[in-house]
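These notes concern the structure reproduced below.
There are 2 protein chains.
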Amino acid sequence: MRPKNLEKEQAIRTIALRIIAEEGLENLSMQKLAKAANISPRTIYIKYENKEDLLIRLYIEEVLEAYEAAILVKFDETMDFAEGVKRLWLNAFAYFKNNRHAFALIRYGKSSPLLNKAFQKANIKEGQFFAPILRFLKLQVAAGIIKDFPFDVQRALLFSPVIDLVAEYFDYKDRPKQIITEKTMLACCEVVIKGMLK
Amino acid sequence: MRPKNLEKEQAIRTIALRIIAEEGLENLSMQKLAKAANISPRTIYIKYENKEDLLIRLYIEEVLEAYEAAILVKFDETMDFAEGVKRLWLNAFAYFKNNRHAFALIRYGKSSPLLNKAFQKANIKEGQFFAPILRFLKLQVAAGIIKDFPFDVQRALLFSPVIDLVAEYFDYKDRPKQIITEKTMLACCEVVIKGMLK
DNA sequence: TGTAAGTAAATAAACATTTACTTACTTTGT
DNA sequence: ACAAAGTAAGTAAATGTTTATTTACTTACA
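Pasting the structure below:
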C-alpha cells in the first residue's frame with residue numbers, strides 16, 4: 006500500500022491557517038486551498054471528511070492543542086499565584102508571537118458558531134482544556150489567596166486581556182514603535198494579579 | 006419618484022445580523038439574505054454597493070455606532086474613576102444582553118480581516134471611537150489615580166473581560182443557572198478597578 | 001408622466017464534492 | 001533476492017449547486 010505523504014498533510018494545515026489569517030475564514034475554499042498547497046482537491050478529502058471536518062480538526066488538533074501545550078510549559082499547579090499567572094501570560098505571549106496564523110484561528114473560535122460548538126464539544130469529551138489551570142485556581146481559592154468566582158469568570162478576568170494585548174502586538178508590528186513587549190505584558194499581568202488578590 | 010422603503014432597508018440589516026449570529030459570517034450569502042428578507046437580491050444592491058459594502062456598513066453603522074452610543078449613556082469623562090468604569094461596564098452588559106446579534110458581529114470584528122481593517126479605517130477617519138473614554142482615562146492618569154499605560158493597553162486591561170463575560174452570559178442562558186448577573190459584572194468590575202489603581 | 005425603487009430571471013464564476021483513473025509502495029509467493 | 005499482485009494515496013477533470021452580481025422589465029409615487 007502506498008503510504009500517506011505526511012508533508013502534504015502538514016501543507017494542507019499550514020496553508021489553510023495562512024489563508025484564514027490573511028483572507029479570513031469566509032474566504033477559505035477547498036479549491037483555493039488545494040491550488041495553494043499544490044495538490045488535487047481530492048487529496049484533502051482523503052485526509053478529511055469534508056470542509057467542516059477540516060476546519061474543526063484544524064482548530065482543535067492543530068491550534069488549540071498546541072496552544073494548550075505551549076501555555077503549560079514549566080507551569081505547575083502548585084506554583085505561587087503570581088508566579089503561575091506570569092508564567093501562563095508569558096507562555097501565551099511567546100506562543101502567539103511565533104504563531105500569528107494560529108492566533109487568527111483562535112479569534113475565529115470565539116466568533117464562528119461552527120468552531121465555538123466544536124470547542125464546547127471537545128471540551129466536554131476530552132476532560133477539559135486547560136485543566137491544570139482550573140486546579141491551580143482552585144488551590145489558590147482554597148488557600149484564601151484569591152477571590153472565589155466561577156472558573157469561567159476567573160478565566161475571563163485573568164486571561165482575556167492577553168488576547169487583546171497580543172492583537173495590539175500584531176497591530177503595532179508594522180508601525181515604527183512596538184508598544185507591546187514582554188515588559189509590557191509583565192506589567193499588565195501584575196495589574197491583573199493585584200486585582201484578583203483578596 | 007418612488008420613495009425608498011425604509012422598512013426593507015431595516016429588514017436587510019436585522020436579518021443579516023441574525024444570519025451572521027446564528028449561522029456565521031461565512032454562511033451569509035446575498036441570495037439567502039434576500040430570500041429571508043422577502044425581497045429581490047437586486048434590492049440589496051440599490052442600498053449597498055456590494056457584499057463588502059453591506060458587511061462594513063452593517064458593522065460600523067448598525068453595530069459599532071449603536072454600541073458606542075449605548076455604552077456612553079450617563080457617562081461623563083469627569084466622573085470618578087470607579088464610578089465611570091462601572092457605568093461603562095453596566096452599559097455594555099445591558100446593551101449586549103438586548104442585542105445578542107450585534108454582539109456576534111462585534112466578535113467577528115476582531116477576527117475577520119475585512120471588518121478589522123474597516124474598523125481601523127473608520128477609527129482614523131471619524132476622529133476616534135470611544136473618544137470620551139480616552140479623555141476620561143487621560144484625566145485619571147494626570148490626577149495620578151491610575152497607572153500610566155498606552156490607551157490601547159488600558160482598554161485591554163479595563164474592558165476585554167466584559168466581552169468574555171457577556172459570552173459566558175449567553176452560554177449560560179440555556180443552562181439551569183445563570184452565573185453572569187449584573188451583580189457578577191459589578192464584582193468583576195471592582196477586581197479590574199482595584200488592579201488599575203496606583 | 002417621469003423616475004428611482006423594486007422585481008424575476010439570468011449570467012458567469014466559484015463552490016464542495018465525486019468520478020474515473022494512475023502512481024508508488026508493501027506484501028507475498030517463488 | 002526479486003518480481004508481480006494488491007491497495008490505498010494521489011491526480012485531473014467533471015459534477016451539480018450555490019455564489020455575487022446584472023439585465024430587462026414593472027411598479028408606485030412626487
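Those sequence lines, one after another, are chains A and B.
Positions 6 to 203 (this note's numbering) are the ones given, in order, by the first sequence.
Positions 6 to 203 (this note's numbering) are the ones given, in order, by the second sequence.
Note that CB positions come from ideal geometry on N, CA and C, so glycine has one too.
In three-state DSSP terms, what is residue 184(B)?
coil
Enumerate in chain order the residues of its own chain whose CB-to-CB distance from residue 121(B) is below 8 Å, with the five nearest sequence positions on each side excluded.
Within the same chain, residue 121(B) has close Cβ partners 114 and 115.
Supposed close pair residue 205(A), residue 73(A) - CB separation, criterion 8 Å
In the structure as shown, chain A starts at 6 and stops at 203, and residue 205(A) therefore has no counterpart that could be examined.
At least three beta-carbon pairs within less than 8 Å, the segment 7-21 of chain B to the segment 187-199 of chain A
Taking 8 Å as the limit for Cβ pairs, the verdict is that the segment 187-199 of chain A does not touch the segment 7-21 of chain B.
Looking at residue 47(B): is its Cβ nearer than 8 Å to the Cβ of residue 53(B)?
no
Which first and last residues belong to the alpha helix (DSSP H) in which residue 46(B) is found?
46-52
Cβ pair residue 59(B), residue 44(B) closer than 8 Å
no
Should residue 162(B) be labelled buried (16 or more other beta-carbon atoms within 10 Å of its own) or exposed?
buried
Return the first residue and the last residue of the alpha helix (DSSP H) that residue 134(A) is part of.
Neither: residue 134(A) is in no alpha helix (DSSP H) and is coded neither H nor E.
Please classify residue 166(B) as buried or exposed, where buried requires at least 16 neighbouring CB atoms within 10 angstroms.
buried
Straight-line Cα distance separating residue 156(B) from residue 98(B)
22 Å
Along the segment 169-187 of chain B, what residues have a CB closer than 9 Å to any CB found in chain A?
169, 170, 172, 173, 176, 177, 184 and 185
Heavy atom of the ligand ATP within 7 Å of residue 29(B) beta-carbon
Of the ligands one can find in the structure shown there are none, so the ligand ATP has no counterpart to examine.
Residues that residue 34(B) contacts on chain A, provided the C-beta gap is smaller than 7 Å:
Going along chain A, no residue has its Cβ under 7 Å from residue 34(B), so there is no contact; the nearest lies around 10 Å.
Determine the direct distance from the alpha carbon of residue 130(A) to that of residue 68(B), and round the result to whole angstroms.
35 Å
What is the DSSP secondary structure of residue 139(B), reduced to helix, strand or coil?
helix
Between which two residues does the alpha helix (DSSP H) containing residue 116(A) stretch?
105-116
Would you mind sorting residue 191(B) into buried or exposed? The rule is 16 or more other CB atoms within 10 Å of its CB.
exposed
Give me whichever residues DSSP pairs with residue 151(A) in a beta bridge.
Partner(s): 202(A).
Beta-carbon within less than 6 Å of residue 89(A)'s beta-carbon, same chain only, minus the 5 sequence neighbours each way: which residues are those?
Excluding five sequence positions before and after residue 89(A), the CB atoms of its chain that fall closer than 6 Å to its own CB belong to 141, given in chain order.
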